[in-house]
């Protein structure tokens, strides 16, 4: 290998000292190429060391920050971070539970549609009557004029009455609504506004005016009332009941027919029906409450 230093040429091996001596002997004091290359390599190496040290320090700093963040999440005063993680886990578990429950209910709806709807409707109808009895017990004065119960009074629900509503929800409401919704979709399929409006008009102008008195008659028959009392009860309660029915069920059925799939429409109706059954239970039983109020007034006057 021949390196040129100024105007002289020397044979240079691996030892760079000869190149250094050659550079000193040159008139212009130029450093040979080998010396300059070695210097550049050393500068690059030193710069790489600095860069590597900087990168290593940055990695250590990042790791320390992540470690501190993890430690702060687990060791905050009062355990607030642990509580937040617990809340997130609880909310996720609750949401997963409801998703699994909905998937299970959808499956049994596909396998046993009528039985599932009957059981669901019966349970919700009975629950609505039970709630109605409790509300009447807690605020009897607001319903019929009877004084509020004492603090020591114990709530004793009429389970026979709740059983009647449960039976009607199971044996009458669910089968009738299931068949009716199926017929509506058969004759007016689709979710277009026109089809939904047709189903809604038929449901509230044809089905509801017949369904409400039929439910009232069946309930009075289960209570053992004589046939002579039924027309008077229907005449006194029918109009108010239908007004309340339209106020509640027209917007509810609009949402039901427009957005809810067919197999879940009875379930959605049962959810709205919980409110309706609570009102209906009070409306069909208020005559008995009025009788109790009259008897209590007579007893107090005699005393």
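Residue numbers (the working numbering): 1239 to 1541.
Just so you know, even glycine gets a beta-carbon here, dropped at the ideal spot from N, CA and C.
Range covered by the alpha helix (DSSP H) that runs through residue i
i: residue 1433; result: 1431-1440
i: residue 1488; result: 1467-1497
i: residue 1403; result: 1397-1406
i: residue 1423; result: 1412-1425
i: residue 1355; result: 1351-1376
i: residue 1449; result: 1446-1461
Environment of residue i [buried if 16+ CB atoms lie within 10 Å]
i: residue 1372; result: exposed
i: residue 1403; result: buried
i: residue 1443; result: exposed
i: residue 1355; result: buried
i: residue 1412; result: buried
i: residue 1315; result: Low confidence applies to residue 1315: its pLDDT is 49, below 50, so where it sits in the model is not reliable, and the reading given next is rough at best. When all chains shown are included, residue 1315 counts as exposed.
i: residue 1516; result: buried
i: residue 1293; result: exposed
i: residue 1470; result: exposed
i: residue 1503; result: buried
i: residue 1478; result: exposed
i: residue 1454; result: buried
i: residue 1494; result: buried
i: residue 1511; result: buried
i: residue 1399; result: buried
i: residue 1365; result: buried
i: residue 1333; result: exposed
i: residue 1336; result: exposed
Residue i and residue j closer than 8 Å at C-beta
i: residue 1513; j: residue 1486; result: yes
i: residue 1357; j: residue 1438; result: no
i: residue 1452; j: residue 1483; result: no
i: residue 1468; j: residue 1458; result: yes
i: residue 1415; j: residue 1509; result: no
i: residue 1505; j: residue 1423; result: no
i: residue 1367; j: residue 1519; result: yes
i: residue 1553; j: residue 1406; result: Past the edges of the chain, shown from 1239 to 1541, lies residue 1553, and the structure says nothing about it.
i: residue 1436; j: residue 1426; result: yes
i: residue 1408; j: residue 1360; result: yes
i: residue 1396; j: residue 1496; result: no
i: residue 1456; j: residue 1410; result: yes
Secondary structure of residue i, DSSP reduced to three states
i: residue 1428; result: coil
i: residue 1512; result: helix
i: residue 1341; result: helix
i: residue 1336; result: helix
i: residue 1391; result: coil
i: residue 1379; result: Low confidence applies here, because residue 1379 scores a pLDDT of 48, under 50, leaving its location unreliable and the question unanswered by this model.
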